[in-house]
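Peer 1: Sharing a structure here in structure tokens format.
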Amino acid sequence: MTLPLNPQRVSVDSISKIKELSGENIKACMQCGTCTVACPMAEEMDFFPRKVMHFSQFGMLSRMEDINSYWKCASCHSCSVRCPRGIDIAKVMESLRLLVLRTNKNYIEPSQIPKEKLKEYPGIMMVAGFRKLTS
Ligand code: SF4
Ligand code: SF4
């Protein structure tokens, strides 16, 4: 699962794209780490939200290839309401997912889900997952 837009180097284009998609001023992040402390999914992530913000504000898409942080984000906004700089980190996470999904790549493949699991999983979970994790 790779992120597009000059993935081999720090990219001004990448910073602009994340800002455009999220609508957030990612440069305002002062790396205080409050978002990580507030995040209920942080322990599941390859890199904590603070680090994802660091990579984002410097356009370091190459550091975010194949990491699970923005996929594991539950969009709970716990970080966003606590950020002292007023950044909606959940929107930044969403923008990173969109960068991948807009290249027609899926994080989960519906066709790969075993049939026995399809019977077991709640329908609302499946719909939410497909909306968020497929292109
Ligand atoms: S809480 Fe806000 S300012 Fe602090 S690290 Fe997270 S995004 Fe940056
Ligand atoms: S919105 Fe995502 S990154 Fe922010 S606290 Fe919730 S799970 Fe963590």
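Just so we're aligned: the sequence shown equals residues 193 to 327 in the working numbering.
C-beta atoms are modelled at their ideal positions from N, C-alpha and C, and glycine is treated no differently.
Just so it is clear, the structure is predicted and the values come from calculations on it, not from any experiment.
Answer yes or no: do Phe-240 and Ile-259 have a C-beta to C-beta separation smaller than 8 Å?
Peer 2: Not in contact: Phe-240 and Ile-259 (Cβ atoms no closer than 8 Å).
Peer 1: Would you mind working out which of Leu-288, Glu-236 and Ala-230 sits nearest Gln-249, comparing C-alpha positions?
Peer 2: Nearest option by C-alpha distance: Leu-288.
Peer 1: Hey, how far is the Cα of Cys-275 from the Cα of Gly-225?
Peer 2: One C-alpha to the other measures close to 9 Å.
Peer 1: Hey, is His-269 close to ligand 2, as in C-beta under 7 Å from one of its heavy atoms?
Peer 2: True, at least one ligand heavy atom lies under 7 Å from that Cβ.
Peer 1: According to DSSP, is Ser-272 part of a helix, a strand, or is it coil?
Peer 2: Looking at Ser-272 - three-state DSSP - the assignment turns out to be coil, as it is neither helix nor strand.
Peer 1: Leaving out five residues on either side along the sequence, give the residues of the same chain with a beta carbon under 6 Å from the beta carbon of Ser-272.
Peer 2: Cβ neighbours of Ser-272 beyond the five flanking positions: Asp-280, Ile-281 and Ala-282.
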